[in-house]
Structure formats: C-alpha cells, structure tokens
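> Heads up: take any position in the sequence shown, counting from 1, add 15, and you land on this note's numbering.
Positions of the beta carbon are idealized from the N, C-alpha and C atoms, including for glycine.
Sending over a structure as structure tokens; questions will come in a sec.
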Amino acid sequence: MTLGQMLEATAQRLPRKCAIKFSGRKISYRELNESVNKISYNLLSLGLKKGDRVGIFSENCPEYIMSYFGALKIGGIAVPINSFLTGAEVKFIVDNCQIQILITSSKFLKTLQPVLSQMPSIKKFIVIGEESDTAEYLSFATFLKNEKTNPPESSVSEDDLAVFIYTSGTTGHPKGAMLSHRNLVCNARDSTTATDFRERDKILVFLPLFHSFTFTVGVLTPLSLGSTILLLGSVKSMNEIRHAILFDRVSLFVGVPAVFNVLANKQFPWFFKYIHAIGLMVSGSAPLPTPVIGQIEQKFGCPLCEGYGLSEASPVVAVNPRYGVRKPGSIGLPLPNVEVKILDEHRKELPIGDVGELAVKGPNVMQGYFNMPEETAKTIVDGWLLTGDIAKLDQDGYIYIVDRKKDMLLVRGVNVYPREIEDVLYQHPKILECAVIGVPDESKGEIPKAFIVVKEGETLTEREVRDHIKERLAAYKHPKYIEFRPSLPKNATQKIMKRELR
C-alpha cells in the first residue's frame, strides 16, 4: 500500500469524520482527500513527473499536509524543510536534491527573498496565505481550484521513494534520508500496534510538521486509522496547549522532553487530572529525564511512554509499552517487525548487558542517503542501520540509550557517557535543564563540563551541585567545570545543541 492509497482508503471508509481541526476549521476525510487530489492535478499541470521533488517550507497548517500527500499521489517526492532554517540553508537543500516545486507561506517568503533568484531548479513557487498570483508565484488558493476530485492516475508503488528527510545537521551539512512508501506505511502501522492507538483517539499536534517524529506519529498514524488530528500552528505559550487539552478533549499527547519538562513544573488545579481526556503521553526526539516521567504521571494520571527513533528509521524504532512494564530510563521495546542488536567496535554482536552501538533492522530502515553512496555504505551494513547511539539491552529486551557515539568522552582512556552525568544532574530538584560536553585537558585527554539552567525562582550554587554529584558518581566522571546559563541552545524540535555549547 502507498501513502496515497492509505488516505484514499480512510476517506472512503469515514468520509464525514473530522480528519483535521485547525483554528476552528474542521476538515473531513472526504474534503482532505479531494483537496489532495486537486493539488496532484495542478502539480501535473506544472510538469511534475514521477521522482521529481516538491519542497514544503511552511509553518503548521492543513495545507502542509495536503501538499505532502498531493505530491506523493502522483509519484513525486516530498521534501519537508526545517522552518527554522535561513534562506542560505534552504538553498543548500533545494540545490542538493534539485527541488522543482517549492510550497511555502507568505510568512516564509521573507526568509527566502535573498535567495529566490539563486535556486534555478525551482520551476514554480506556491504560496500559502497569498490571495492572488504574481509573476514569481501562484497562490495556494489558485492551486486548489480544480474541478477534478477523483484520484489521479499514477503508477506509484510501495517501493517508490516518498520522502527525503534532511537530518538536523548537528555535525555538519544535513543529509537527505530517502524513505519509501513502504518504510513510512510500515512504521505508522507498527507504531499503532505498539501504542494501541485507536480510531476514536484525538491527537494533539503542535510540534513542527517538518520533523519526521511529528509527521509519522502525529499525521500518518492517525490518518491511517481515521483518527482526528488537532493541529496547532505556531505555539507561543503553554496556555494554548493547555486550552487544547481541556476543550478539544485530546486523548493522545505527543511531545518532546523540553515540553514535558515545562509541564512537570507548571501549576495545574488539583482536579486537572480528573477532568482531562488524555489516556497516553508519548515522548520522543531526545532523551527524557527519568524524574520528569514520575512528575508527569502523577500530575496527569496517565502513562508517559518514552520512545526512540531517528530520521533514517522513518523514524520510530522503540517505545515503552502502554500496558505492561514501563521501565524508566529505558526507551522500551522494539516495534513489531523491528530487530535490534548491540555491536562492538568490530561490529560483532555483544551479549545482554554489554554496552555498544545500537543497530536496527526492519521495514522502516531508509533506502540510503541521497547522492551519498559512501555515507550510505558506512551507515547501512548488511541490512543493519548503524544508529551511532551507544546502548545496552536487558534480559527482557528493553533498550537503554547510554549516549551518542559522538558525545562519548575518553577520560584517561576510560569511557565516560555524558548522558549518565546528565541523568544524575536532573535528579536535583532545582535543575530545570542541563547538558554535559567534553573539553580538552592536557593530563586526562578530555574532561566533562556541565551547563545548567536553574528552575525559575530557585538559586543554586556550584558547591550544591558538586555535593549532589559526589554521592552518585565516581570521581573520574565529575564535571571539572560547571557553568550556569539562563537557557541552552536548541534546534527546532527543542533538542539541546551540544555542538554550539562546544
């Protein structure tokens, strides 16, 4: 099954049901599917062919989802672009994969203005929010005008490429992970099974749609089931999220650790957990501090399940089960149909409990990096995706991420994992956020340095931090330097950018 066929099937089964609610506007499955078909026909009229790339550079809105499926239904490849990038960074992606059609919004035209004339591969700009056409672009409203609403004819198969997801670029220029229809359909299906996601669920989507975690879990999964997506645009405060939870009767809440960290420290009425409808919370994209899990579950009275994934795996690899044993500090069990193993530096499988690199195999693993055969060969070996994450397995098959391979420190030849130090720091009741990096040292090679953000209204001294660490970590793991900051640099999905700290 292709992603376009998946949407068609749901629209035929539940034509009148609300697929997307956005700013008071309700879009039924029939309306969504017909809009997608109109976009497909208009893309064909612009000369788009199978395999051509359609870039989407916009804030969250229904038109984003329509554009994505409109490209896929006729064999185009959707390229979601990080909406926090500069014009020059967007140009790199456009040039790298030769995007032919770029769908953006009037808000982001300003970002693109300096490079509009420097992207020769683009045949046409489609602009959401503009009411009339110009010589430079077509308005999205015009783009939706088409009398044809039936599915366009196409020869798309499930093995065709569907999406290029460009990695966040924390270690250099982003790489385009090539995902097929099969990759994404299987990942949405297996994520549904693992979380017991249901047709009657309403999922709140406020994280940016360009991120693979958001789109697979927050869009593809509910659309495959016939659930309702409660879509928020640019979230300016947690009050918008709280309002949606209460008044839209959200039943499934998907977030990132930074959001759960804020929610854990936000005041709610004592009766709040008895009146909301949330049955499950899921955290992904970055490591979730263990203390936050207990605080959230106590405050909301529902399970918070930490998961794990990466763009190259469509992206979900594992999640703690909704029912049964949830192990704090673990990313849970592999999804159905996904295999994992732990490898040493010689790519030999390690026994239970030993620490090494996590490798993943399954229908969700990407086809490779676009135009980067050498990088692909380094990353996919004998069908196994080498994640670059240091992990271990317990006797029950639960996975524990110890750290990023690139973040690991060597202190006098001994491995030190920043994640372990960060977990200890997060146990301090006054610490809101923290990050640990390695800095050069003449005698030890590397030594840990901790960056700490203190909770609002609290004061914390370096001595208090060192006393806290002393009781919980071996001396060689202690940060030599501690720096307090008002905030830590983050990317668009609120992942702490250690490269900037370095």
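1) Excluding the five sequence neighbours on either side, which residues of its own chain have a C-beta within less than 6 Å of the C-beta of T185, listed in chain order?
2) Looking at L401: is its Cβ nearer than 8 Å to the Cβ of A374?
3) Would you call the segment 25-33 in contact with the segment 236-248, where contact means no fewer than 3 C-beta pairs closer than 8 Å?
4) Going by other Cβ atoms of all chains shown within 10 Å of its Cβ, with 16 needed for buried, is R204 buried or exposed?
5) Suppose only complete runs of 4+ residues qualify. What are the alpha helix (DSSP H) ranges in the segment 202-252, listed by chain order?
6) Going along the chain, which unbroken runs of the alpha helix (DSSP H) with 4 or more residues stay wholly within the segment 293-333?
7) Express the C-alpha separation of E437 and A490 in angstroms, rounding to a whole number.
8) Mark K421 as exposed unless 16 or more other C-beta atoms lie within 10 angstroms of its C-beta, in which case mark it buried.
9) Skipping 5 residues on each side, what residues in its chain have a beta carbon closer than 8 Å to that of D263?
10) Identify, in the order they occur along the chain, each residue of the same chain with its Cβ nearer than 7 Å to the Cβ of T229, setting aside the five sequence neighbours on each side.
11) CB-CB under 7 Å to M16, same chain, minus the five flanking residues each way: which ones, in chain order?
12) Please state whether the Cβ-Cβ distance between T243 and V297 is less than 8 Å.
13) Distance check for I116 and T139, CA to CA, integer angstroms please.
14) Could you tell me the alpha carbon to alpha carbon distance between D397 and I80, rounded to whole angstroms?
15) Quick test of your reading: R419 and F466, contact by CB under 8 Å. State the CB separation rounded to the nearest angstrom.
16) Excluding sequence positions up to five away, which residues of its chain have a Cβ less than 7 Å from the Cβ of I165?
17) Would you mind sorting N386 into buried or exposed? The rule is 16 or more other CB atoms within 10 Å of its CB.
18) Determine the burial state of S522: buried for a count of at least 16 other Cβ atoms within 10 Å of its Cβ, exposed for fewer.
19) Can you tell me where the alpha helix (DSSP H) with T126 in it begins and where it stops?
20) Who are the Cβ neighbours of K505 in its own chain at under 8 Å, not counting the five residues just before and after it?
21) Can you check DSSP and say which residues form a bridge with C33?
22) Please name the residue or residues paired with D263 in a DSSP beta bridge.
23) Just verifying my parser: in three-state terms, what is the DSSP assignment at L18?
24) Do I357 and G377 come within 8 Å of each other at the CB atom, strictly closer than that value?
25) Do the segment 123-133 and the segment 101-110 meet, that is, are 3 or more Cβ pairs less than 8 Å apart?
26) So the alpha helix (DSSP H) D482 belongs to, where does it begin and stop?
If we stick to the structure as given:
1) Interpretation of T185 is limited by its pLDDT of 43, a score under 50 that renders its predicted location unreliable; the figure taken from the coordinates is listed afterwards. Taken in chain order, the residues that qualify are R514.
2) yes
3) yes
4) buried
5) 227-230, 236-240
6) 305-315
7) 15 Å
8) exposed
9) K36, K217, L219, L245
10) V220, L222, P223
11) E173, V200
12) no
13) One point to set straight first is that residue 139 is Lys, not Thr, in the sequence displayed. Straight-line Cα distance between these residues: approximately 5 Å.
14) 34 Å
15) With a Cβ gap of about 16 Å, R419 and F466 do not count as contacting.
16) Contrary to the premise, residue 165 reads as Asn rather than Ile in this sequence. Result list for N165: N52, in chain order.
17) Counting C-beta atoms within 10 angstroms of its own C-beta, N386 has fewer than 16 neighbours from the protein chains shown and is therefore classed as exposed.
18) Outside the displayed range of the chain (16 to 517) lies residue 522, so it cannot be described from this structure.
19) 121-127
20) A273, I511, M512
21) C33 is bridged by DSSP to S43.
22) Paired residues: none, contrary to the question.
23) helix
24) Against a cut-off of 8 Å, the Cβ pair of I357 and G377 comes out as no contact.
25) With the rule of 3 Cβ pairs closer than 8 Å, the segment 123-133 counts as touching the segment 101-110.
26) 477-485
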